[in-house]
Amino acid sequence: MSTPNGNGRVITMGQAIKEALAEELRRDPTVYVMGEDVAEAGTAFKVLKGLVDEFGPERVIDSPISEPGITGLGVGAAMTGMRPVVDIMFGDFSTLIMDQMVNQAAKIHYMSGGKLKVPMVLRTTMGATRRSAAQHSQSLHAWFSHVPGIKVVIPSTPYDAKGLLKSAIRDENPVVFFEDKMMYQLKGEVPEEEYIIPLGVADVKREGTDVTIVATSSMVQVSLAAADKLAEIGISAEIVDPRCTFPLDKDTLINSAKKTSRVIVVDEGYERYGVTAELASVIADGAFYYLDAPVKRMGAMDVPIPFSPVLEDLTVPTPDTVFEMAKALCGAN
Amino acid sequence: MSTPNGNGRVITMGQAIKEALAEELRRDPTVYVMGEDVAEAGTAFKVLKGLVDEFGPERVIDSPISEPGITGLGVGAAMTGMRPVVDIMFGDFSTLIMDQMVNQAAKIHYMSGGKLKVPMVLRTTMGATRRSAAQHSQSLHAWFSHVPGIKVVIPSTPYDAKGLLKSAIRDENPVVFFEDKMMYQLKGEVPEEEYIIPLGVADVKREGTDVTIVATSSMVQVSLAAADKLAEIGISAEIVDPRCTFPLDKDTLINSAKKTSRVIVVDEGYERYGVTAELASVIADGAFYYLDAPVKRMGAMDVPIPFSPVLEDLTVPTPDTVFEMAKALCGAN
Amino acid sequence: MAKAKSSKPAGKGAGKPAGKPAGKEDVEDLLQMYEQMVRIREFEDKVNELYTSAKMPGLAHLYIGEEAIAVGVCEALNSDDYITSTHRGHGHCIAKGAAVDIMFAELLGKAAGYCGGKGGSMHIADQANGNLGANAIVGGSAGIAAGAAFSAKRLGTGQVAVCFFGEGALGQGLLYETMNMAQLWKLPVIFVCENNMYNEYTHYNETAAGTLAGRAEAFGIHTEEIDGQDIRVVNEAAKRLVERARKGEGPSFLICNTYRYHGHHVGDIDRAYYRPKEEELEWQQRDPITILADWIIGQKLSDQSVLDHIQADVRSEVARGAEFALNAPYPDPSEVDTNVYA
Amino acid sequence: MAKAKSSKPAGKGAGKPAGKPAGKEDVEDLLQMYEQMVRIREFEDKVNELYTSAKMPGLAHLYIGEEAIAVGVCEALNSDDYITSTHRGHGHCIAKGAAVDIMFAELLGKAAGYCGGKGGSMHIADQANGNLGANAIVGGSAGIAAGAAFSAKRLGTGQVAVCFFGEGALGQGLLYETMNMAQLWKLPVIFVCENNMYNEYTHYNETAAGTLAGRAEAFGIHTEEIDGQDIRVVNEAAKRLVERARKGEGPSFLICNTYRYHGHHVGDIDRAYYRPKEEELEWQQRDPITILADWIIGQKLSDQSVLDHIQADVRSEVARGAEFALNAPYPDPSEVDTNVYA
Ligand SMILES: Cc1ncc(C[n+]2csc(CCOP(=O)(O)OP(=O)(O)O)c2C)c(N)n1
Ligand SMILES: Cc1ncc(C[n+]2csc(CCOP(=O)(O)OP(=O)(O)O)c2C)c(N)n1
Ligand SMILES: [Mg+2]
Ligand SMILES: [Mg+2]
């Protein structure tokens with residue numbers, strides 16, 4: 008478990024992301040940020056507010072509402088010496104940029120026999136329960152994770168977000184970085200000193216012995232809350248956060264499964280053909296002879312996200328539903 | 008196993024698809040076909056050749072090279088009384104239409120509280136080994152399968168293709184229909200009489216007792232060939248074809264797994280976060296207490312499809328690799 | 004609550020006569036348009052109030068200041084003509100004939116809403132009045148509108164489709180793909196660009212090169228650019244373009260210059276960093292409701308008391324509508340997974 | 004095999020002088036352009052032969068008939084200027100300086116190819132000469148070209164980027180999004196539309212409404228439409244536009260009218276159903292190589308024997324190149340999963 012030594016410095020996830028960008032913009036003149044309303048407005052979520060003041064409108068660039076275009080521009084700029092950070096306001100708009108990301112960015116290094124490369128970061132958002140309805144609430148990281156040539160980061164804490172975003176910017180490949188909209192205000196310790204976190208290393212957020220809960224992004228917080236409740240009834244849950252869906256730290260997941268013999272995978276993407284399917288089948292294969300029960304999956308309900316709060320809240324895993332699932336799984340012993 | 012009673016009438020998969028379209032165009036005046044070079048040219052694969060002669064250019068419509076546009080037009084037409092069949096030449100171009108399919112077509116029925124609906128079919132292709140390289144060889148059905156509101160069909164025989172396409176056109180929802188480019192010349196029995204095959208019913212293509220091979224699209228043929236070889240060494244393989252990734256006939260898959268206790272899932276999409284992950288985890292969960300070995304997955308290698316034939320042929324499962332996997336799995340008894 | 008707007012004749016090409024000589028406008032029509040603009044204004048004010056008092060989930064994008072466009076255009080349509088709408092869609096929805104109580108219910112996520120609470124502000128649709136839905140993907144409905152026009156043409160119904168969008172949508176490639184096909188196939192679709200000068204928090208000068216009109220003219224599409232604050236101008240233009248479309252002369256592009264008085268959404272309060280207060284005040288001098296009221300009074304077509312009466316009636320209708328929605332029940336939890344498939 | 008084309012000075016804004024008065028053209032330049040066009044023609048003929056004799060995997064889209072465009076434009080560029088290319092990309096690749104033997108190796112999927120055999124005909128790239136790659140997604144490289152121009156501008160290198168595409172790509176929305184940004188930010192990118200009149204098997208009249216020029220003019224982009232068969236015209240236009248771009252005057256759109264003599268791809272033999280034989284023959288009367296040869300001879304800038312000599316040399320270079328590629332080894336199977344990540 009990577010313990011941030013923040014010496015008590017606590018900041019929000021939004022601040023951590025802005026710090027990572029500011030540090031990399033300062034360090035490397037080829038880094039730039041482009042997106043809709045990223046400059047003066049500092050994004051629709053105000054996460055980048057102030058960045059343009061330090062780096063100017065040539066490096067923090069407001070764009071037209073042209074997601075495919077700014078992504079394509081990023082790919083070309085990345086191929087020719089820049090390190091673009093492209094901002095796609097809502098992860099739902101990923102639908103518009105798949106060609107540039109998947110047929111272009113992801114494949115150019117390979118198709119050119121290794122001669123060209125595309126060191127770009129695509130920052131976007133995920134997560135529901137913001138009353139934003141079906142076109143502004145999806146978590147589409149499964150799609151990018153499916154595509155060879157792309158790396159995918161889904162951080163769950165301010166500390167991880169900062170260290171992973173810095174790695175993503177320095178990476179030589181296209182990296183998609185998913186920020187959960189509901190977590191921008193989440194606070195956590197982040198050290199003053201510079202650090203980076205390598206891509207592809209899982210983090211055990213809480214150690215335990217009875218059941219492994221593999222959780223991503225905001226589902227880590229949900230699962231930690233569930234673990235507290237489980238502890239009250241004597242069940243010790245281990246929370247493992249892969250932090251990246253690719254590269255995927257299979258060993259850490261499988262080893263935890265071998266240790267506890269019971270696994271739940273929790274992710275906020277649609278359950279069907281989603282991230283939980285891959286993680287569950289990797290574990291079910293790798294820890295087959297150690298498992299006492301089937302690996303259970305909890306994703307978003309397979310429905311377009313409804314607007315009505317009473318319905319929307321039913322669609323994502325909560326501390327209660329994770330608790331119930333874990334209890335049942337352990338009771339089934 | 009749905010035995011086509013073709014009375015000996017043998018046609019190709021391409022012909023079966025054309026017949027299905029012709030019959031539905033004849034039956035229902037609101038059906039139309041739109042796509043690039045679908046009319047006189049009869050598509051790049053010549054599958055629809057001649058259709059425009061019977062139905063005219065008002066119903067078999069050549070479009071500009073505007074995949075998002077023709078898909079969007081299809082969505083709007085479907086909402087207002089037509090039954091569009093939109094032709095997207097290569098499945099790789101799905102990248103361009105995800106917004107119209109996923110944020111629009113898939114969600115409109117739900118978002119409108121059931122008042123609007125989008126009865127459209129998107130026909131597109133999948134499959135590698137055609138020496139078409141990275142941007143013309145992908146099998147991206149996992150993406151659509153991930154999205155609530157969409158149905159996905161991946162037929163493996165002329166008989167299935169015809170019956171399923173007719174169902175897809177009559178369905179009240181957006182249905183994506185994937186045709187393997189390499190299978191257009193595949194022959195099979197197809198009856199003269201009209202028939203339809205409901206969406207969401209798996210088909211056991213070969214019965215067996217030692218190992219279940221769940222295979223999709225062209226991988227069914229690959230697996231049948233593997234089964235022949237397996238029979239030679241005394242291993243009896245059951246081949247189960249889900250035919251649709253959604254609705255998914257989980258019961259048939261799980262029951263076969265329970266019967267044989269060993270399962271391999273074979274699909275031509277990228278393995279990582281792909282269709283094999285969902286099928287494997289559904290089976291690993293549903294048949295957990297019956298399995299003698301972990302469920303094994305075989306997808307396309309997680310690389311952009313290379314052009315060079317010597318490399319490309321390594322990227323997809325073959326009768327040999329499926330045979331070896333099954334042998335190893337059964338040997339592990 | 005009674006349907007807010009008297010329904011108009013529907014059916015095959017049953018358009019109202021367009022292009023009447025100036026000065027001979029039908030008073031009833033003008034009063035109807037006045038009422039509809041006021042209805043939108045009052046509705047949106049109430050939405051803002053509901054948001055501010057934390058009674059509304061999520062956000063909303065107010066149409067205040069732009070009322071003449073939705074109303075001026077929709078008054079030129081039949082009730083079975085189609086529209087597609089945007090994230091800033093309440094105005095279009097009302098103008099096309101929706102009832103405010105059912106709308107409020109939708110915005111509050113209640114079962115009685117137009118979409119059973121599943122759509123909300125950004126996805127409100129009203130099929131019965133031809134509103135194919137608001138769309139939270141900027142530009143995302145261009146294809147849908149053209150597709151509806153395609154249906155109308157193929158089925159020979161004489162309907163037209165109007166695609167409303169903000170000038171920000173001109174950044175989306177889909178729009179150009181659609182315009183090209185609409186013109187190729189002479190589809191009865193009217194692209195209405197509501198140019199309120201801002202894409203969220205960025206002036207359109209920073210996001211749109213060249214001319215807006217040129218974007219459609221390139222495809223040979225008939226294009227007009229008009230004052231979007233004067234509903235008589237909007238309505239006359241719309242009638243012309245609807246007539247063209249019904250006659251099979253194909254698509255058109257109507258640029259309406261306008262302004263949103265409020266923020267991009269209800270939460271956008273501090274706007275000084277992206278647009279000057281003076282600009283806001285200046286535009287409020289050209290208020291569409293006032294302009295029409297002044298014309299009506301000035302031409303002695305009616306008098307202030309009639310207008311006041313309309314306003315008072317609408318205000319109480321809106322208040323009752325909000326009250327209805329506030330008291331209405333939420334959908335049953337079992338609704339969460341219905342309507343995923345038809 | 005020696006590099007096919009003498010490399011030109013690279014580096015910060017080191018452009019060749021443009022716009023020399025007509026008639027004073029540099030003979031060496033003309034002969035160089037002649038040689039490059041012949042190289043493309045001979046290369047493509049050999050590709051066709053390889054395909055017909057089943058020695059080439061997959062398909063290829065021949066550039067024959069369109070040579071003046073790639074060569075006329077690329078001769079106006081420095082070797083470190085960027086281009087992006089299309090499925091019909093062999094001509095661009097050669098014109099930008101690639102060697103035919105390494106190209107053949109790529110087309111045959113051999114390890115010695117530009118992309119180690121991983122790219123093939125539709126993805127051939129030649130980074131050393133600024134060719135950022137062919138692209139099998141129609142219109143898919145518009146953003147990439149503009150992004151390269153963005154880099155050049157930000158890094159102050161003085162480079163320009165040329166985006167080649169067929170008129171069919173005008174159907175793709177991405178192009179319009181990119182043009183808008185290129186003009187907003189005055190990026191040094193030249194959009195070169197090779198209008199050969201067919202999108203695969205469909206005439207562009209059926210797929211493009213309005214005018215082609217209007218598509219870029221809408222964004223305020225400087226636009227020229229020229230005869231793509233006369234390389235002197237193409238080259239002069241390209242020099243002008245490159246100079247504009249280098250001076251910071253922003254993007255431009257160059258429409259070159261041309262024709263592909265062969266089918267859409269090598270397998271497209273029976274074309275009568277979509278275009279008349281007479282049309283094909285007519286266009287062959289305006290052959291770019293013949294037009295230049297006639298000019299060179301007519302102006303007595305050189306004589307037929309020199310041209311014949313060039314042709315003979317190139318032909319044997321191409322023959323040797325194909326031979327080299329046919330004999331070259333395939334990549335090692337272990338290559339299949341290298342280069343997935345950098
Ligand atoms: C494809 C897409 N990109 C970005 C957004 C976020 N967004 C919502 S409204 C808006 C501005 C739209 O401006 P405009 O089209 O002018 O409409 P207005 O809000 O001014 O009415 C943006 C960028 C979105 N909803 N969809
Ligand atoms: C996005 C996309 N849609 C469709 C295709 C299939 N396709 C390949 S070439 C082509 C025609 C291109 O026409 P044009 O752009 O005029 O180029 P030309 O072949 O005439 O040089 C089409 C439709 C593709 N490769 N990419
Ligand atoms: Mg606006
Ligand atoms: Mg062409």
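Residue numbers (my numbering), protein chains in the order written: chain A, 8 to 340; chain B, 8 to 340; chain C, 4 to 345; chain D, 4 to 345. Don't be surprised by glycine CBs; every beta carbon is placed ideally from N, CA and C. Note that the structure is predicted; figures quoted are calculated from it, not measured.
Min CB distance residue i to chain B below 9 Å
i, result
"V270(A)", "no"
Range of the contiguous alpha helix (DSSP H) that encloses residue i
i, result
"G293(B)", "V282 to G293"
"N208(D)", "Here N208(D) belongs to no alpha helix (DSSP H), and DSSP marks it neither H nor E."
"K242(C)", "I234 to R249"
"P324(B)", "Here P324(B) belongs to no alpha helix (DSSP H), and DSSP marks it neither H nor E."
"T164(A)", "First-last for T164(A): undefined, no H or E at that position."
"C77(D)", "E70 to C77"
9 Å Cβ cutoff, residue i in contact with chain C
i, result
"E326(D)", "no"
"L178(D)", "yes"
"P313(A)", "yes"
"R213(A)", "no"
"G121(A)", "no"
"A48(A)", "yes"
"G156(B)", "yes"
"F153(D)", "no"
"P24(D)", "Confidence at P24(D) is low in this model, with a pLDDT of 45, below 50, so its placement is unreliable and no value can be given for it."
Residue burial classification, residue i (beta-carbon count within 10 angstroms, cutoff 16)
i, result
"G174(C)", "buried"
"N342(C)", "buried"
"Q162(D)", "buried"
"K58(C)", "exposed"
"R33(A)", "exposed"
"L103(B)", "buried"
Minimum Cβ-Cβ distance from residue i to chain D less than 9 Å
i, result
"R218(C)", "yes"
"A84(A)", "yes"
"Q142(B)", "yes"
"L257(C)", "no"
Residue range of the beta strand (DSSP E) that includes residue i
i, result
"S255(D)", "S255 to N260"
Residue i (DSSP reduced to helix, strand or coil)
i, result
"A222(A)", "strand"
"I115(B)", "helix"
"F222(C)", "coil"
"R304(B)", "strand"
"N330(D)", "helix"
"V329(B)", "helix"
Interface flag, residue i vs chain A, CB-CB below 9 Å
i, result
"T328(B)", "no"
"G63(B)", "no"
Quiz item: What are the residues of the stretch 269-283 of chain D that lie near chain B, defined by any Cβ-Cβ distance shorter than 7 Å?
Solution: Y276 and Y277
Quiz item: Name the residues in the stretch 73-97 of chain B whose C-beta lies less than 9 Å from a C-beta of chain C; which are they?
Solution: S73, E74, P75, G76, I77, T78, G79, L80, G81, V82, G83, A84, A85, M86, T87, G88, M89 and P91
Practice problem: Can you give me, in chain order, the residues of the stretch 217-228 of chain B that have a beta carbon less than 8 Å from any beta carbon in chain A? | Solution: none
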